[in-house]
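Some notes on the structure that comes next.
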Amino acid sequence: MASISMCMIVRNEEKFLPKCLESVKGLADEIIIVDTGSADKTIEIAKKAGAKVLNYRWDDDTARARNTGLKEAKGDWILVLDADEIIGKESFEPIRKLTEMEFDAYYLMQINYTDNAKDINFIPLARKNPYSMDFHGFFPVEIIRFFRNRKGIEFTSIVHERLNESIKKLGLKAARTDIPIHHYQSSRGRQR
113 MASISMCMIV RNEEKFLPKC LESVKGLADE IIIVDTGSAD KTIEIAKKAG AKVLNYRWDD
173 DTARARNTGL KEAKGDWILV LDADEIIGKE SFEPIRKLTE MEFDAYYLMQ INYTDNAKDI
233 NFIPLARKNP YSMDFHGFFP VEIIRFFRNR KGIEFTSIVH ERLNESIKKL GLKAARTDIP
293 IHHYQSSRGR QR
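Here this note's numbering is used: the first residue of the sequence shown is 113, the next is one more, and so on.
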């Protein structure tokens, strides 16, 4: 079975990090966390969960911080999450099946929970689900977050970093999936 490294960057995420790390237990074979200057219990929480923690001096370049973690990953595949995101256990098997397919990277569906019904992409929840908490809706975003651990696949762009350019430049194949990443904090205001 292919191994999976989960990579993330964090800063002062003690509120969200425990749920995120718990959500990948049994899926991720290793966890790489790049800390950009936490002053709370983030590092302690990460180490207690068995994560490898890298200290990174924040330089306003999110892509460079993310790439620092990618370089340390030993797994065959890399899953990228933010501390305010979780993967449902029901998604483990579909994710593992992706590793047996011919593609090099996969778009996952980021489900951004929100109460902002004025957002043009807002979709009201017909009924609550185990992940919706007290939110009344969401907006979906396709985003490449699962890919082969391959030299040259890296994030670009200082803000709103993405993998698309490097994947295209290498001539690799990406595929869309409906596997959800449940995302919370952006709905309430983002801090880095």
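Beta carbons are placed, not taken as given, at the ideal position from N, Cα and C, and that holds for glycine.
For residue i, three-class secondary structure by DSSP
{"i": "T268", "result": "strand"}
{"i": "R208", "result": "helix"}
{"i": "E202", "result": "helix"}
{"i": "A229", "result": "coil"}
{"i": "A238", "result": "coil"}
{"i": "S117", "result": "strand"}
{"i": "M213", "result": "coil"}
Proximity winner among the options, relative to residue i (alpha-carbon distances)
{"i": "M120", "options": "G138, Y168, M113", "result": "Y168"}
{"i": "M113", "options": "A140, K127, S135", "result": "A140"}
{"i": "I265", "options": "A163, V165, L182", "result": "L182"}
{"i": "N179", "options": "H294, H272, T268", "result": "T268"}
{"i": "S244", "options": "H295, R176, E273, V146", "result": "H295"}
{"i": "E126", "options": "K137, M213, M118, K160", "result": "K160"}
{"i": "S150", "options": "W170, K263, F259", "result": "W170"}
8 Å contact criterion, which residue i and residue j should meet: CB distance rounded
{"i": "N233", "j": "D188", "result": "The Cβ separation is near 34 Å, so there is no contact."}
{"i": "I279", "j": "A286", "result": "6 Å"}
Neighbourhood of residue i by C-beta distance below 7 Å, restricted to the same chain and skipping five residues each side
{"i": "R304", "result": "The predicted model places R304 with a pLDDT of 29, which falls under 50 and marks its position as unreliable, so this point remains unresolved."}
Contacts around residue i, its chain only, beta-carbon distance under 6 Å, and the 5 residues preceding and following it disregarded
{"i": "T211", "result": "A114, W189"}
Own chain partners of residue i with C-beta closer than 8 Å, once the 5 adjacent residues on each side are dropped
{"i": "P252", "result": "M221, Q222, I223, N224, N233, I235"}
**OP:** Tell me the start and end of each unbroken alpha helix (DSSP H) in the stretch 243-296 that is at least 4 residues and wholly inside, in chain order.
**Re:** Annotation note: the stretch 243-296 contains the following uninterrupted alpha helix (DSSP H) runs of length 4 or greater, listed N- to C-terminal: 276-281.
**OP:** Pick out the complete alpha helix (DSSP H) segments inside the stretch 120-201, 4 residues or longer, and give them in chain order.
**Re:** You should have 129-135, 154-160, 174-184.
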